[in-house]
Every structure is written in structure tokens, then in C-alpha cells.
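In this note's numbering, the protein residues as written are 67 to 1190.
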């Protein structure tokens, strides 16, 4: 199909690789392919360098363990095998360590195994215990120096020095009411002058340094500590006074005080601003720092690094000096991203420090002579820390594999939650809000709707992350009013210096601006400038939005709230059996499929030698033969099918990068999340009330919206106290019919159709030993122990599920690479696939946030139809459009109609797409083609069409003077058509919007939600039925529902609900028996919750007694075992 491309803006750079935020970060942290001598001091290397050398403190035993280099081995299993056997895709990590005896100078070198490190797959995810997971990047306040307005005292400012998370205390400098400058560390407060005195400052030096601020100086110089002027003390006296303030319980000794202050503020292992913090502090204060600390410790005394400059800035800000301003903490120059590599290295550092503690203990225990690196190092703490991070961290998430787009979006996620981040409850409006610096860095549209709104966001499509963790966005350089092709990536702080023009500013062919006045923004403020004053220009309108949002055509006509829903719902679209790419695209569709790595592309130029449903062979020009195995019906994390279908034929020439096979939700390499549907927008007998959707049965017949879902069922055979469980076909008390699909081992055969209650895997377990009856004793003495009874504990299909068995897998203890839980002999897995057609209750949505539930499926002959007899497939409610202000869907429908009639597809990029005028022209062209075909077939205007046109002319919808054909053309150009009611054959009185819209089926399917309970499990304490489908629970009849029945006076119904249908144990058993025997249901007795209430009151020391209507004392606990 021919694709027409609209869009006037020439993009100078393509989208960057969409998973680079994950892949680059991990590669840099690991540096696996870099020779050890050339490794930079980042990631794992930095963690090693900071932890080692490990010294043992006691005199006379001088052992030092130092680190030389590390290397990664080969992963023992490939990715598919890891998924199959529930293993982690990982490689062994070895470190070369050197043990030095200080006294003897003896050296021992050893390579020590430090555990396995999970590896990233090519697409940017991890496989942990057989499941794909993604590490989400975290956004947090960058370390550095900040100056903010004091919340408690208006007009005063506070300076805060923030180190890396868990790498030192926060320090605040603020003014007291009296004007004294105090410093806060670890919730302790003392005059700043005290610390300055420890650093060797005197009243004279400070007066000289801060002479410009005479009003604020006394608060520093006159500050007293416990009756003595701080700056008049000796250095040692000040140090001891400071120590007693920070550690009130400890005896004040000089060496102790030095050690404590050193570890608190000047030990690089304990206090670290990080590279980003150092950079921010230097930028803010305009100084050069030697280390990443505020104060340094040299030759037995403390020296100042940055404390005085911080104080100077605070004084300047407080006295209102021009050029000094408070910081905006939500500015993206002050927030940075911690990507996978950094998060992993941090966790690695935690593991290493625990390992180092163990090494020090072992150094003290054994004899120094026999010690070797291998004996000293126990890798357990490190292994545990890494396992903890991948398995339990809030940022390590189960990968969203619903479709290729949701995978990509998950990897580009940025979360403010997680360890060291915010919590939902504490986060206010400011943190969640869109900030001007989000432009080109974080998408202003894509974020969840619930409690996490604004805390979880998405990286903008051109966004990148620099080495310090700040988000960069590209801009084109403008020189003397001419836009060049030079592209510079800038952080938010750098961008604030320049005037930047928008991407859609008109340009002449030579690159000069086409207007005398150019609209630009500087520091987020819009203004107008002359062309030669402009310094940069946006690269593309796409750069503002995330990948998801860039897939919405006519985004510029949609309200942001609905665009948000559209962005989020695309990630919930289920891949369909017949993938169809949209008629109206935005141009990002191809990149999404390519970068998600779910489809298959040729890595070389060559010729296809062989194709079938499961593999493709390509003979490269280098004469090498490349084999590609296709993934067929693999279950994704969400139960959708990951399936690859060949797109090449034998003998076909392919170039490097050409598509070989389409993955899920991809058609010819274009993202295909839904289907192009011919629809009408009109009310339909109330069936599309409140966003409900009427669809034609024809969609089901043509297999539109049919998707494949694969469910995995698993059963274990364990060794129990009573004897081993067995996977077997030999199950007691079952008919041959129930076993017909099981093979000789008791596992269901592939291809069997199973429904709820059918056996998938036969299993027998031994019954608990009971006192045998005389007959059983006789049988046992005849047949021996074998007759000890076994019970059927087979794996059955749960209620409401079923399908076709597509795969079975049996893992036994002792098989290579199989690790089973203790006590488990074998595990059997069965994969059951379902073809799900669209049904009433399923959720459909388009890309503009219009969503609804199928309410009625009509035969096609009852649907409204066009004059040529074509019935529409869906009828949407027009009331869903005006109040929601997502007009993009209407324009998409119009353009879709033109595409449908002309056999075209369109690419219309966001904010740079096709205009209404161009759509009108295309519709005119489509009408001419259609009318010509109609007249050639001998069909003129129908009288009923004339009536509709006459009515439209009366209402002023078409010009009354024009001829009837012209009127019809006018109607068509408005994207409307005369429609006939399929049930009566009468025309609908006005022209109706008809066109083609791209509609997706979402993951919320009614089949997964339908549920009913007859009898089932009960809660242990209250004896009430459990809740929820997973527990096979009942429906809650709550407080308000009780009021409703009380209002109706339905006493018997209410009593039944509150007793025998809930927690009256005797009553419900008696009722069940009565129903089975066909007798009347007996009266209810005492519900269990009443007994619980009585016990609760008795536990409070209240005496509760119960009486019947004749005032006779009742014992409601009669016959129950005493609960002592």
C-alpha cells in the first residue's frame, strides 16, 4: 500500500536509539570489554576502588587486601534456556586480589569468585529467575549546594549541602531569630563560627573575607557557644566543644574528636558529593574543588574547601545583591537521573562494604601466615545484595510485555519513587507538576492517572542522559540568523542561557528565517526577537513528547488530559492475530518496532536461502550462512502471545537492516496495535450511551480483534512426610473419559482442547494416616501396604479458563541446569492458548483517549449502511467528543476515509501534519473517484438521498444554490455521508460522520473478569466467604447494601444474606443438605461473627449474655471446643 508523507519540517538528526538509556548505562558501569588497565573509575571499578584496600587495624598483624582487576566469565546458559528453566541470565564475576603482609613484605595473589552478576539482554532488560524484568531509572534531587527560602521565617534564606544518598549527612546553614548563623547536622544545631574556628578561621580573617556584608557579620563574629565567644576559643577547644555537642554521651578526647569529625565530613569513603554534586557546587559557587567534600583533613588539621564560599553566597543572597538568586528545586538542572548502571553499582558498593567487614573479622581470627585472599573473602553478602536488588527493589519491575510499545515505554520510564526517592504520601503538587525545563527532556503528557501522577514519567523522544545524570535535549545552532545543521545537546541549566526558536518557525531554502520577527523562548518565557539575535532552534516538534505520545496523530487538536489517556492506553493494546498498521500514522511506528527488538531484521546483505514457519536462513555476501529461529507462540509476562511471522520468501535479496519477520503487533515493520475500522459517529438507540460501543458481528467473522492468549499452569511433585507425590495417569476414582487426553506419564497431550475442570497433569498424593476400618485391615493384609490410599491432587483447569494445549515442559531434579526448590522432585508446566474473539464487555479505545466497552454485537444487516450498501463496523457516540475536546479523532476519521477510498496510508507527524484544507482536497478526490464509479454503474441520486440533502441545505450544512451532486460532494468533503438504518432501510435524517478510525482492543478483557461462586472457601477467623476471583470468592454485601434491603423491608432475604450465605456455619451446612435433598431450607442459627464479637467484648472484661425471645439464657458456644 502506498504511503503519503506530510510534514514540512526537515529533521536534521534521527531519533536516538530508544533503549540507549538502559543499554549504555549498563555497558558503561560494567566496562566488560575494556582492558582492566584502561577502565575508567566509574561503575563497578569505582565500587572496588572505594572499598579496597581493606586494612586490618591492630598493630603487629599488618595485613592489607588490595584489588587489582576484575573480569566477567561467560554466561553458563543462554537466554531462552534461562527463561525455560527459571534461571537468571548471569555471568560469573572474578576479582584478582593481592594480599600484602606489611611486616614481612610477603605478597599473595589470587583470583576470587565473587558470585554471579545478572547481564542485560540486547533489548535492555534482565532475566531473573526465568522472568523478564526491567530496572526503571530514578529521578532525584542532584547532590550539590542549594539556596532556598526558609519556609518557617519569610525573608530568610537557607543553604543546604546535599551529598549522594546514604553517603553523608545533609548540612543546613540558616539564620536564627537573633541573626546568629547556625549549622544543622544530624538534627543537631550549633553556631557555624564554632566549625569555622576548628577550620582555623579567626574573627579577623572572617571580617576581611565578608567585609561586604556588615549587617550580617555580627551574627557570625559575636556568636557564643555555652557562654564563650566561639571565635575566641583555641582550635582544639573549639574541636572538643563541637564534639561534645555532636556526641553528647562520649568523653571529649582530641583524637576521638578528630576521628569523628573526619568520618562525618571529610572522609572520602563516608562523605561524597559525587561527580554531579561537585560539578553543581563548582558551577554555583564559582570555585574549584579538589575533592568531593566540603572540608578536607590534611597533616592532622582540618582545612576549608567550600564552607566559606557557601557562606559568602548565603550572605550575598540574604542582602539582596543582584545576580544572586534562590534555587528552584524542581528545575531539571537540579534533578538528575540514576540509571541502571548507577543503581546497580550502588547496590554493589553496599555488598562490597559488607564483604569487607567480613574480611576484617577473618584477618583478626586466623594466623596471618596462612591467610590467602580466597580464605579471607566470603562472597555471600555481595551475592545477597545483588539478588536483593534484582528481586526485591522497588525499581526492579516485572517487564510489561503486553506489546512492543509497552516494553519500550517501560524501559524509558523515570520514577521519583523507590529507595532514596519520594513516597506517594509526601510528594506535593510542585514535584508532580510539569516544569518549563521538562521541554524536550520529560514528556508533559505521559504519566499515570492515579496516585502516581507526575511521580512516574517518560523520557522525551530525543532525550539523552549525560555522564553526570542530567537529561540533555538537542538544539540546532543558529549563526547570524541562519539555521545550521550543527546539533548541540544541552542540559536544562545550559539551555537557560540561550534564546531558542521553535521547530516550526518558517525557514527559507538557504536556512535563514523567513520572518522579520521570530518567536523564541528564553528561560521558559516566550518573546519575539530579530532573526540575528536567535541562538538555537528546536530540532523537531517531536522532541517535546515521549515515544508513546508521538504515536498520536493530530495530537495538536487533542486536549492534554485525553492525550494522556491515549498515550497510556496504547501500552495496554493486545497484539491481534491480524495485525494492521494504521491508515493514519505519525512516522514513529517503524522505529518503535525496530528498537523494541521484537521483530527480526537481517544483520547482513545477502539472499534468503530457506524459509518456513520456524526458521529463516540467509546466505550473506560474505558467504556465511546465518540462521534465525523464529519465536512461535511464546507466552509474554502478561499472557499475550509473542509470535514471529516470516516476511521474506526464498531467493529474495535482502539488505542489512531489512525486515525478515514481523513480531507481535507489527505489520511489514510498522507498529500495528489495532485495526482500521469503518465507523459512524451517531447515537444508536441508547446502545452507545455513556461511551458504550456498538459493533458489527462481521468484525468477529473476519477475525478482527481476535487475539491469542497463553496461560501457564504449573504443578510440583514433592516428597511429603507420608511419602512421595507422583505424576501419573493412574488416578483413583476417575473414568477413562476424564483421562482420555493424558499420555502414559499423566501429562496432557499437545493439541488437546481443555475446558474448566479438565485434568492437565495427573498427580497422586498419600492420604493422611487414619485408623483403618476392619475391611481395610483385611484388604491390607491381603494386598500389602500398596492399598494405603492415595488421593487425587491433579492439576486442573481453573474455572472460566481453557483452550488448546500448545506446549508442555517437565523439569526433573538432576536435569542439567535445573534448580528446584528443596523437597520438590519434579515440576510440570502446561501452556494453554486461547483464541479470544471480541465480546460484549471488552474494552476498546482509540489513540486519542476515547475509550468504551462493547455493549451490543449486531448482525451487519442491522448496522447503518452507506448508499452503496457497505455497512459500518462500529457506531460511536458523538457525545464523547465535544466535552472531552479530543478533536484529533475526528480529523483522523476524515483522513482515514480518504485513505480508505483512495487506497492510501498517510504519515502526519505531530504538530507538523496535514492541514484541514489538504484533508478536504483528498476527500474531494475520493468523492470524484467514487461518484465516477457510481455513475458508470448506472446509479444516480436516490430520492431518499435528495430528502436528506434538502434538509441539510435548509439547516445551512450545504449551500442551497449548488446542484445536488455538488451538495453531495460538499457533504463528503465534510467527512460525512448519507446513511441508511439497516433495520428499517430508511435514511438517517442528517448526514453522519463516517470514516476510518484506528481502534485497539485493550488488555482489560471481560473473560478475565467474569466470575461466579456457588460454594467455596471461607476465611478462618470470621468464617465469611473470601473475596476476589483469584480466591474463588463471593460478592461483598456491605453496609450500604444492607441499608438498601432494610429500606425495602426485605427481612427474610436480608437474614439469608447475613447468615446462611455468609458465616452461619451450621445453617449453611444444613441449607446445602436441604437443597440437595429437595427439602425446605431450615431457619438460620447464630452467625460466627456474632460469636467473634462476644469473645471480643469478653476480652475487654465485659460480661455478655444472650437470650431468646422467651428470655431464656442461650449458650451460643455450646458444643464448641473450649478456646483456651
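We put the beta carbon where it would ideally sit given N, CA and C, even for glycine.
Check: Express the C-alpha separation of residue 112 and residue 765 in angstroms, rounding to a whole number.; Outcome: 59 Å
Check: Measuring CB to CB, does residue 539 end up less than 9 Å from residue 486?; Outcome: no
Check: Per DSSP, what are the beta-bridge partners of residue 121 in this structure?; Outcome: 130
Check: For residue 619, which option in 247, 979, 1069 and 144 has the closest C-alpha, if you only look at C-alpha atoms?; Outcome: 979
Check: Checking 9 Å against the spacing of the C-beta atoms, do residue 360 and residue 383 come in under that value?; Outcome: no
Check: Taking 8 Å as the cut-off, is the CB of residue 901 close to at least one heavy atom of the ligand ATP?; Outcome: Among the ligands in the structure shown, none appear at all, so the ligand ATP cannot be discussed.
Check: Just how far apart, CA to CA, sit residue 873 and residue 816?; Outcome: 6 Å
Check: Which residue spans inside the segment 457 to 497 form an unbroken alpha helix (DSSP H) run of at least 4?; Outcome: 470 to 477
Check: Between the segment 837 to 847 and the segment 861 to 881, are three or more C-beta pairs nearer than 8 Å?; Outcome: no
Check: What span of residues does the beta strand (DSSP E) with residue 777 cover, start to end?; Outcome: 773 to 786
Check: Note down the Cα distance separating residue 456 from residue 1143, rounded to an integer number of angstroms.; Outcome: 57 Å
Check: Using DSSP bridges, identify the partner residues of residue 831.; Outcome: 857
Check: In the DSSP assignment, the alpha helix (DSSP H) including residue 263 goes from what residue to what residue?; Outcome: 258 to 264
Check: Pick from 650, 358, 140 and 782: whose alpha carbon is nearest that of residue 740?; Outcome: 650
Check: Check residue 911 in the structure and name its three-state DSSP category.; Outcome: strand
Check: Can you tell me which residues form a DSSP beta bridge with residue 1042?; Outcome: 1059
Check: Three-state secondary structure (DSSP) at residue 981?; Outcome: coil
Check: Which residues in the same chain have their Cβ closer than 6 Å to the Cβ of residue 911, if we skip the five residues on either side of it in sequence?; Outcome: 635, 917, 1066 and 1068
Check: Comparing C-alpha positions only, which one of 318, 570, 252 and 242 sits nearest to residue 284?; Outcome: 242
Check: Report all residues from its chain with a CB closer than 8 Å to the CB of residue 117; omit the five preceding and five following residues, and keep chain order.; Outcome: 133, 415, 418, 419, 421 and 422
Check: Does residue 1132 come out as helix, strand or coil in the three-state DSSP assignment?; Outcome: helix
Check: When the distance is taken between beta carbons, is residue 613 closer than 9 Å to residue 474?; Outcome: yes
Check: Just the C-alpha distance for residue 794 and residue 728, rounded to the nearest angstrom, thanks.; Outcome: 40 Å
Check: Determine the burial state of residue 294: buried for a count of at least 16 other Cβ atoms within 10 Å of its Cβ, exposed for fewer.; Outcome: exposed
Check: Going along the chain, which residues of its own chain have a beta-carbon closer than 6 Å to the beta-carbon of residue 233, five neighbours each way excluded?; Outcome: 338
Check: So residue 975 and residue 73 are in contact, right, with Cβ under 8 Å, and what is the actual spacing, rounded?; Outcome: 4 Å
Check: Anyone know if the C-beta pair for residue 745 and residue 939 falls short of 9 Å?; Outcome: yes
Check: Taking only the alpha-carbon atoms, compute the straight-line gap between residue 527 and residue 479 and give it to the nearest angstrom.; Outcome: 12 Å
Check: In the DSSP output, which residue or residues are listed as bridge partners for residue 952?; Outcome: 624
Check: Going by Cα to Cα distance, which pick from 186, 168, 164 and 184 is closest to residue 176?; Outcome: 164
Check: Pick out whichever of 1085, 210, 149 and 571 has its Cα sitting closest to the Cα of residue 348.; Outcome: 210
Check: Strictly by DSSP, which residues pair up with residue 728?; Outcome: 711
Check: Between the segment 299 to 315 and the segment 223 to 237, can you find at least three pairs of beta-carbon atoms closer than 8 Å?; Outcome: no
Check: Leaving out five residues on either side along the sequence, give the residues of the same chain with a beta carbon under 6 Å from the beta carbon of residue 702.; Outcome: 467 and 708
Check: Taking 6 Å as the limit between beta carbons, can you name the residues of its chain near residue 1160, skipping five residues before and five after?; Outcome: 1170
Check: Could you check which residue in 1162, 639, 1093 and 1183 has the C-alpha nearest to that of residue 1132?; Outcome: 1183
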